[in-house]
Amino acid sequence: MDRSSGLAPHSMALELDTPALQAHLRDLAQEARDHRFDVAPNPCVGAGVLSNGKLIARGVHAHWGGPHAEVMALAAAVSSGVPRAAWDALLVTLEPCSSFGKTGPCSEAIIAAGISVVVVGALDPDPRHCGRGIEALVKAGIDVINLDGSVMLKDQAPHFLRWLSIDRLRQPSPWTVAKWAQTRTGQLTLPKTSGEGQWISGPEALAEVQVLRGRVDGIMTGFGTVRADDPRLTVRSPGQRDDPPVRIVLDSDLRTPPEARLFEQTGEDEAGGPVLIVCRIGPDAGRARALEEVGAELLEVRSVNRTSLDLKAVSQRLHERGIQRL
6 MDRSSGLAPH
16 SMALELDTPA
26 LQAHLRDLAQ
36 EARDHRFDVA
46 PNPCVGAGVL
56 SNGKLIARGV
66 HAHWGGPHAE
76 VMALAAAVSS
86 GVPRAAWDAL
96 LVTLEPCSSF
106 GKTGPCSEAI
116 IAAGISVVVV
126 GALDPDPRHC
136 GRGIEALVKA
146 GIDVINLDGS
156 VMLKDQAPHF
166 LRWLSIDRLR
176 QPSPWTVAKW
186 AQTRTGQLTL
196 PKTSGEGQWI
206 SGPEALAEVQ
216 VLRGRVDGIM
226 TGFGTVRADD
236 PRLTVRSPGQ
246 RDDPPVRIVL
256 DSDLRTPPEA
266 RLFEQTGEDE
276 AGGPVLIVCR
286 IGPDAGRARA
296 LEEVGAELLE
306 VRSVNRTSLD
316 LKAVSQRLHE
326 RGIQRL
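In the working numbering, the protein residues as written are 6 to 331.
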């Protein structure tokens, strides 16, 4: 089998015409696309189990680090009450993964479920994995219908294609979400006439920030924000607090005070990960010791001048530490 092109373009094992299969794939793809910002940088993928020409179960990859679409669809099929012997095929909008990440390989889950036919809407565009999922299925005796191009990744998951750019593959870095608040006129601060203690963000935006914090591996800010706002950088409701992200401060000269609220004990209604302070190489020994004594970990990174850290180097070092979403 040519791993770059998948398997044969069609199979006689499933008596359903190609347009019908493609229609199902596009339907599943549209449902999955609604979760594209929740799963990034992963692709948004949909899957379904077909029986007698109808989808009896659906699944999507709904959030970063969560179960993949194939696993969700298979679980839904088990709960559907339709006997396993009546499952005709598993449809998936993107070639099943074959490598270990935050979850196990979907190809192994499909094989374990006893699926006999898999319909694929697009090949994995990652050159490191393209065709490997299909190859694993074929080796297990599963009939694969390769309908590559039925789901257009440039429309379905453009973020995933950007994630696979040559530069990023050569120098991996975290998927970064930028968050800021501004007024309708583009100002980042409210006028003094608004009074102190006023927020630009409304309740809905503040709640969404907590949700985002609960879905990333790290929250990063600069020393200027620490000095001005003394933030906690914790995750609070409605965010997921089981595995709070690393709290990262860019502070080239270690000016973060050991008394900062970052180092205080978290409350019952919040969760905070370890504190990592990124500084230039060869920081002041006294400042470093004082911060380490209150629990901070220091990460020394090269700088571009006396005051500014090399952000590309910062990004690469964070990725090396397992921070994939920032």
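Every residue gets a Cβ at the ideal spot worked out from N, C-alpha and C, and that includes glycine.
Spatial neighbours of H324 within its chain, please: CB distance less than 6 Å, with the 5 preceding and 5 following residues excluded, ordered by chain position.
The count along the sequence shown starts at 1 and reaches residue 324 at position 319. These residues qualify, in order along the chain: P177, S178 and P179.
Based on DSSP bridge pairs, tell me the residues matched to A62.
The residue labelled residue 62 in the question sits at position 57 within the sequence shown. Beta-bridge pairing links A62 to V54.
With a CB to CB cut of under 8 Å and the five nearest residues on each side skipped, what residues in its chain are close to D256?
Taking the sequence shown and counting its residues from 1, the one referred to as residue 256 is at position 251. For D256, where only same-chain residues beyond five positions count, the Cβ hits under 8 Å are G227, F228, V231, I282, V283 and C284.
Count Cβ pairs between the stretch 80 to 90 and the stretch 136 to 148 that sit closer than 8 Å; are there 3 or more?
no
Ignoring anything shorter than 3 residues, give me the beta strand (DSSP E) runs that lie fully in the stretch 207 to 243, in order along the chain.
Here the runs fully enclosed are 223 to 227.
Measuring alpha carbon to alpha carbon, tell me which of R218, I253 and Q329 ends up nearest A276.
To locate residue 276, count along the sequence shown from 1; it is residue 271. Of the candidates R218, I253 and Q329, R218 places its Cα closest to the Cα of A276.
Terminal residues of the alpha helix (DSSP H) in which A28 lies:
Locating residue 28 in the sequence shown gives position 23, where the first residue counts as 1. Counting along the chain, the alpha helix (DSSP H) containing A28 begins and ends at T23 to R38.
If I measure Cβ to Cβ from A141 and keep anything under 7 Å in the same chain, skipping five residues before and after, which residues do I get?
What you label residue 141 is simply residue 136 of the sequence shown in a count that begins at 1. Closer than 7 Å at Cβ, skipping near neighbours: S103 and S112.
Alpha carbon to alpha carbon, how far is L96 from A114? Give it in angstroms, no decimals.
Within the sequence shown, the letter at position 109 stands for residue 114. Within the sequence shown, the letter at position 91 stands for residue 96. Rounded to whole angstroms, A114 to L96 spans 14 Å at the Cα level.
Nearest by alpha-carbon distance to L30: which of H40, V83, M157 and M77 is it?
As a working mapping, residue 30 is identified with position 25 in the sequence shown. Considering only alpha carbons, the answer is M157.
In DSSP terms, what I2 is bridged to:
For residue 2 there is no data in the structure shown, the boundaries of the chain being 6 and 331.
From which residue to which residue does the beta strand (DSSP E) around R89 run?
Your numbering for residue 89 matches position 84 in the sequence shown. Segment: none, R89 is in no beta strand (DSSP E) and carries neither H nor E.
Could you tell me which of V125, T181, P163 and V143 sits nearest to S155, measuring between CA atoms?
What you label residue 155 is simply residue 150 of the sequence shown in a count that begins at 1. S155 has its Cα closest to that of V125, out of V125, T181, P163 and V143.
Give me, in chain order, the residues of the same chain whose beta-carbon lies closer than 8 Å to that of A25; leave out the 5 immediate sequence neighbours on both sides.
Residue numbering aside, residue 25 sits at position 20 when the sequence shown is read from its first letter. Excluding positions up to five away in sequence, the list reads G58.
Counting only beta-carbon atoms, is L211 nearer than 8 Å to chain B?
Protein chain content of the structure displayed is limited to a single chain, and chain B is not contained in it.
When S308, L259 and E273 are compared against G291, the one with the closest alpha-carbon
Counting from one through the sequence shown, the residue named residue 291 turns up at place 286. Of the listed residues, the one whose Cα sits closest to G291 is L259.
Would you check if the distance between the CB atom of V280 and the CB atom of E302 is smaller than 8 Å?
For the purposes of this step, residue 280 is identified with residue 275 of the sequence shown, where counting begins at 1. For the purposes of this step, residue 302 is identified with residue 297 of the sequence shown, where counting begins at 1. Yes, these two residues count as a Cβ contact at 8 Å.
Considering only their Cβ atoms, is the gap separating A186 from S206 smaller than 8 Å?
In the sequence shown, counting from the first residue as 1, residue 206 sits at position 201. In the sequence shown, counting from the first residue as 1, residue 186 sits at position 181. Taking 8 Å as the cut-off, the beta carbon of S206 is found closer than this to the beta carbon of A186.
Using the rule of at least 16 other Cβ atoms within 10 Å of the residue's Cβ for burial, across every protein chain shown, is L152 buried or exposed?
As a working mapping, residue 152 is identified with position 147 in the sequence shown. Answer is buried; the Cβ neighbour count reaches 16.
Selection from Q203, A210, V182 and D247 that minimises the alpha carbon distance to M225
Position 220 of the sequence shown, counting from 1, holds the residue named residue 225. The residue with the shortest Cα to Cα distance from M225 is V182.
Kindly give me the distance between the Cβ atoms of A81 and A67, rounded to whole angstroms, as I take these residues to be in contact under 8 Å.
What you label residue 81 is simply residue 76 of the sequence shown in a count that begins at 1. What you label residue 67 is simply residue 62 of the sequence shown in a count that begins at 1. The pair is not a contact, with the Cβ atoms about 12 Å apart (cut-off 8 Å).
Short check: CB of A74 to CB of A37, under 8 Å?
As a working note, residue 74 is residue 69 in the sequence shown. As a working note, residue 37 is residue 32 in the sequence shown. Yes, they are a contact pair.
Identify the continuous beta strand (DSSP E) that holds V254 and give its terminal residues.
Working through the sequence shown from its first residue, we reach residue 254 at position 249. Segment V251 to L255, the beta strand (DSSP E) holding V254.
Let me make sure I understand the geometry here. Which of E264, G223, F268 and R237 has the alpha-carbon closest to that of D336?
Missing from the structure shown is residue 336; the chain here goes from 6 to 331 and no further.
Residue ranges of each alpha helix (DSSP H) run of no fewer than 4 residues wholly in the stretch 250 to 331, ordered along the chain?
290 to 298 and 316 to 325
Looking at the unbroken beta strand (DSSP E) that takes in I150, where does it start and where does it end?
Along the sequence shown, read from residue 1 onward, the residue named residue 150 stands at position 145. Segment D148 to N151, the beta strand (DSSP E) holding I150.
Helix or strand or just coil, what does DSSP make of W185?
One-based indexing of the sequence shown puts residue 185 at position 180. Correct three-state label for W185: coil.
Cutting at 7 Å between CB atoms, please list the residues of its own chain near T271, excluding the five before and the five after it.
Here residue 271 refers to the residue found at position 266 when the sequence shown is read from its first residue. Excluding residues within five positions, the ones whose Cβ falls inside 7 Å are T239 and G277.
Look at the Cβ atom of T98, then the Cβ atom of G64, and state whether they are nearer than 8 Å.
Mapped onto the sequence shown, residue 98 falls at position 93. Mapped onto the sequence shown, residue 64 falls at position 59. Their beta carbons are not under 8 Å apart, which means T98 does not touch G64 by this criterion.
Does E100 pass the burial test, meaning 16 or more other C-beta atoms within 10 Å, or should it be called exposed?
Here the question's residue 100 lines up with position 95 in the sequence shown. E100 comes out buried.
Rounded straight-line distance, which links the Cα of L60 to that of I147:
As a working note, residue 147 is residue 142 in the sequence shown. As a working note, residue 60 is residue 55 in the sequence shown. Distance between the alpha carbons of I147 and L60 is about 19 Å.
Under 8 Å between the Cβ atoms of R330 and W69?
Sequence index remark: in the sequence shown, residue 330 carries index 325 (1-based). Sequence index remark: in the sequence shown, residue 69 carries index 64 (1-based). Contact: yes.
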